[in-house]
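Here the structure is laid out as structure tokens; the discussion comes afterwards.
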Amino acid sequence: MSNAELPVDFEAEAKPDLAQHAVLLIAVCLIALVGNTVATDATVMQGLVGLAILYVIAILGLVLTHIVPVGLPSVAWISLVGIVVTLPWTPGSAWLLEKVSHVNFLTLATPCLAYAGIAIARREIEIARSSGWKLFIVAVLVMTGTYVGSAIVADLFL
Amino acid sequence: MDRTKDILFDWRLHLSVLVITIIAEAIGVIAVPIGIGSILLLPLLYAFVMGLVLNPNVVRKAGAWMGQREVRAASPLIVIAIMPFIAKFGTIIGPSMEKIIAAGPALILQELGNLGTILLAFPVAVLLLGMGREAIGASFSVAREPNIAIIADKYGLKSPEGAGVMGVYVIGTLFGTFIFAILASLLATSGLFSIEALAMACGIGSGSMMAACSGALSHAVPEMKDQILALAGASNVLTYATGLYLCIFVALPVTEKLYDLLGRKEPATNIAGE
């Protein structure tokens, strides 16, 4: 699902295993902690506790991806774990929510988009360049049409 | 496997992302008022642009700092970097479960709205821009990974349909976050739609499109932030669950039929050649 902007690249790509994931996630969380400290009024300690909880949720999701072979992507498991631990009837969910509330949600997406900008490969730029302005117009209309279409239908049934 | 490790622990890459994050967050959100609404410039957008500027494929001079090694290493990190974000997203959906269940029917039916692309983009592609069969691949869906898989399966990626879907995919990857953030902030401030409906519509694309879209929306209407994020997240999960079937059984056959009606009859040419 949301393995978002991963370019469809059939060439061999570095695939981290669970242990490497665990280490890289720490690196990513540290970057996010710095970002969170810059972006919000939360103290480093508050951010650290919040991110540590999110880290554990992510690791639980990754472990589930490995041990439950139903082909669900890791991001789906992670969001599922995040949902289950914060359901109103889950014990301790209020405490968890209070801790996590010190982490700004949009700040967490900032490092991801920085990686995405760096990851654009030569081939993708070439496709964009050679197919040119026509595809650009169509792409803008595709996104606008899909977005407005969904909003209209949702508006009708709300 | 040492090479894998080597690539993933590339310090130049992570240091660059750290510096980009600090700069982006230090700038913060900027609202640019235009006509019917305002465009919100978000730190994640600056981060993407700064990433592009450091990308040696985009700015040749950046090659002095980073090479293809870093570009390749960055790709698997996109998914890892989105994980804390997704975890946080889960913690926003959980407490709002009751509201999501209440919005259930609208959430499921708004998937049908994805067909809006066929109404808007397909006629323009075929009638105004004179595109051939690549218009089918380009405009039948929002062109994320599952949609590419459908086209690859049915026509192959080297076909005109394949070129169409890949082109929109690439442009969506490059500019999708911008386009969604702009659409969301414009429509939120225009008052044409309810905020709940706009939030649900944020879930139609990839994870980062949803992030940009729901982020822009919750900045425009901060008092509804939690609800916006919850509905966008739930809609995104549903898109992946049901969107594929909608594309296979409705969107693609309808686009094919429309092409028979409107499209040119001679053999298609590849857009790359035009």
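Sequences listed follow chains A and B, in order. For the first sequence, my numbering assigns the number 1 to the initial residue and increments by one for each residue that follows. For the second sequence, my numbering assigns the number 159 to the initial residue and increments by one for each residue that follows. Quick reminder that beta carbons are idealized off the backbone N, C-alpha and C, glycines included.
- Neighbourhood of Asp155(A) in chain B, by CB distance below 7 Å: Phe351, Ser352 and Ala355, in chain order.
- Taken through DSSP and simplified to helix, strand or coil, Val190(B) comes out as strand.
- When Cβ-Cβ separations below 8 Å define contact, Met143(A) makes contact with chain B.
- Secondary structure at Leu166(B): helix, using DSSP grouped into helix, strand and coil.
- A distance of 8 Å or more separates the beta carbons of Thr335(B) and Val300(B).
- The Cβ atoms of Pro201(B) and Leu106(A) lie closer than 8 Å to each other.
- The Cβ atoms of Thr43(A) and Asn104(A) do not sit closer than 8 Å to each other.
- In this structure Ala154(A) is not in contact with Gln385(B), their Cβ atoms being roughly 13 Å apart against a cut-off of 8 Å.
- Straight-line measurement puts the Cα of Arg291(B) at about 8 Å from the Cα of Tyr417(B).
- With fewer than 16 neighbouring CB atoms inside 10 Å of its own CB, Phe407(B) falls in the exposed class.
- For the region 17-42 of chain A, the residues whose beta carbon sits under 7 Å from a beta carbon of chain B are, in order, Gln20, His21, Leu24, Leu25, Ala27, Val28, Cys29, Ile31, Ala32, Val34, Gly35, Val38 and Ala39.
- Looking at Cys405(B), Ala283(B), Ile251(B) and Val326(B), the one whose alpha-carbon comes closest to that of Ala357(B) is Ile251(B).
- Within the region 50-95 of chain A, the complete alpha helix (DSSP H) segments at least 4 residues long are 74-86, listed from N- to C-terminus.
- Contact between Ile188(B) and Leu199(B) holds: their C-beta atoms lie close to 4 Å from each other, under 8 Å.
- Between Pro88(A) and chain B, the shortest Cβ-Cβ separation is below 8 Å.
- A direct Cα-Cα distance of roughly 13 Å separates Ala239(B) from Ile78(A).
- Note that the C-beta distance between Ile259(B) and Ser150(A) is not below 8 Å.
- When the Cα atoms are used, Ile125(A) and Gly117(A) turn out to be separated by approximately 12 Å.
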